[in-house]
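Protein chains in written order, with my numbering: chain Z, 1 to 115; chain P, 116 to 230; chain A, 231 to 345.
A virtual CB, placed ideally from N, CA and C, is assigned to each residue, including glycine.
Note that this is a predicted model, so its numbers are computed, not measured.
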Amino acid sequence: MITRIETGPRMSQAVLHGETVYVAGQVARDASADVAGQTRQVLEAIDRLLLRAGTDKTRILSATVYLADIATFAEMNAVWEAWVAKGQAPARATVEARLALPAYKVEIVIIAALP
Amino acid sequence: MITRIETGPRMSQAVLHGETVYVAGQVARDASADVAGQTRQVLEAIDRLLLRAGTDKTRILSATVYLADIATFAEMNAVWEAWVAKGQAPARATVEARLALPAYKVEIVIIAALP
Amino acid sequence: MITRIETGPRMSQAVLHGETVYVAGQVARDASADVAGQTRQVLEAIDRLLLRAGTDKTRILSATVYLADIATFAEMNAVWEAWVAKGQAPARATVEARLALPAYKVEIVIIAALP
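Right, here's the structure in full:
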C-alpha cells in the first residue's frame with residue numbers, strides 16, 4: 001500500500017500511497033548553476049521521479065517552491081512556466097528560505113496524482 | 116479525476132483530486148493592509164476557493180501559514196481564531212518566510228477534504 | 231470521515247481523513263534544549279500523535295523540517311536518522327525558517343498513512 005522510491009536512511013525520494021505520490025524536496029545536482037539552471041535541474045529530477053512513480057507533470061496537484069533569494073522569483077518562474085503542462089498547472093506556493101547548502105538557490109516539493 | 120480551478124500558465128488556484136483539494140498559497144489582494152487586514156483578505160480568498168471546490172472551512176485538514184515577520188504571530192492568530200470553524204480546526208504550522216512581494220505579510224496554504 | 235485529535239480554537243494536533251493523517255507542526259515542550267534535544271522531543275510528540283491516530287512512523291509519507299538555523303542541519307539529521315524506521319523513510323524537505331518562539335530550533339510537519 002506504501003511504495004518507496006530511492007529509499008535511504010534519511011529519506012525516500014518519493015513515496016506512493018493510494019492514488020498520491022509525495023516527492024521529496026529536489027535540489028540541483030550541480031549547485032554552481034544560477035537559479036534558472038538550478039530550476040531546470042530540479043524540474044528534470046522531478047520529471048524523473050514522477051516517471052519512476054508511474055505518473056508525470058500533467059498530474060501534479062501541489063508544488064511548494066523555496067527560493068534562497070525571493071528576488072530570483074522571476075527567473076525561477078520563467079523556467080517553471082516553460083515546463084508546466086499547459087492547462088494542468090498545480091496549486092503552488094513560493095516562499096524564501098535558506099536551503100541545506102548555501103549554494104542551493106531553489107528547492108521544489110511536489111505532490112502528484114497517480115493515474 | 117483531477118479538476119483545476121482558475122488555472123493559468125503558472126499555477127491553479129485550487130486542484131481537486133479524489134476527496135481532497137489543494138489550494139494554492141493565498142495572499143492579500145490589497146497588500147497595503149496590515150497583517151490583520153491581509154489575514155482577513157487571505158481567509159476570504161480561501162473561503163471563496165473552498166466554495167468553488169464544493170467544500171468549506173469546516174473540512175480543512177491542514178494549513179501552512181507563512182508570515183513575513185514572525186513577530187506578527189499574535190495579530191494573525193486573532194483573525195485566524197475568529198475565522199476557524201469551532202471544533203473543526205485543521206492541523207497547522209506557522210513559520211516565518213519572505214513572500215513573493217515585499218508588501219505581502221502573510222500567505223496561507225490549505226489542504227481540505229471534499230464532502 | 232474527518233477525525234480530529236486534540237482540537238483547540240487554533241488548530242488540531244492531528245486530522246485524519248480517509249487513509250491519511252495530517253499532523254500539525256510539532257515543536258519542543260522544553261525549548262531550552264539544544265537542537266538535538268528539541269528534535270528528540272519533536273519526534274516523541276510525533277510518535278505519540280501517530281499512535282493516537284492509529285498508525286506509526288513506519289507509515290510516514292512526507293516530512294517538512296523547519297530549522298531556525300540551517301547550520302544545525304547535521305545535528306538534527308543525526309537524531310532524525312536514528313529515529314526513522316529502517317527502509318521506511320518518508321519523502322522530506324528541510325529549509326530554514328524562524329519559528330513561533332525565538333527559542334524554538336526545529337519544527338516538523340508530518341503526513342502519514344493510516345493502516
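For residue i: DSSP bridge partner residues
i: residue 170/P; result: Its beta-bridge partners do not exist; DSSP assigns none.
i: residue 130/P; result: 119/P and 137/P
i: residue 226/P; result: 137/P and 177/P
i: residue 150/P; result: Bridge partners of residue 150/P: none, in fact.
i: residue 297/A; result: 326/A and 336/A
Within 8 Å, strictly: CB atoms of residue i and residue j
i: residue 380/A; j: residue 235/A; result: The question about residue 380/A has no answer, for chain A in this structure spans 231 to 345.
i: residue 10/Z; j: residue 326/A; result: no
i: residue 334/A; j: residue 261/A; result: yes
i: residue 231/P; j: residue 151/P; result: Because residue 231/P is not part of the residues shown, which for chain P are 116 to 230, the question remains open.
i: residue 134/P; j: residue 248/A; result: yes
i: residue 186/P; j: residue 73/Z; result: no
Rounded distance between the beta-carbons of residue j and residue i, thought under 8 Å
i: residue 222/P; j: residue 136/P; result: Actually they are not in contact, since the Cβ atoms of residue 222/P and residue 136/P sit about 18 Å apart, beyond 8 Å.
i: residue 113/Z; j: residue 59/Z; result: 4 Å
i: residue 177/P; j: residue 205/P; result: 5 Å
i: residue 199/P; j: residue 154/P; result: With 8 Å as the limit, residue 199/P and residue 154/P do not qualify as a contact, their Cβ atoms being about 12 Å apart.
i: residue 237/A; j: residue 202/P; result: 6 Å
contact_flag[the stretch 241-249 of chain A, the stretch 155-173 of chain P] where n(CB pairs < 8 Å) is 3 or more | no
Contained alpha helix (DSSP H) runs [length at least 4] in the stretch 185-211 of chain P, N- to C-terminal order | 188-198
For the stretch 283-298 of chain A and the stretch 311-325 of chain A, state whether three or more C-beta atom pairs, one from each stretch, are separated by less than 8 Å.
-> yes
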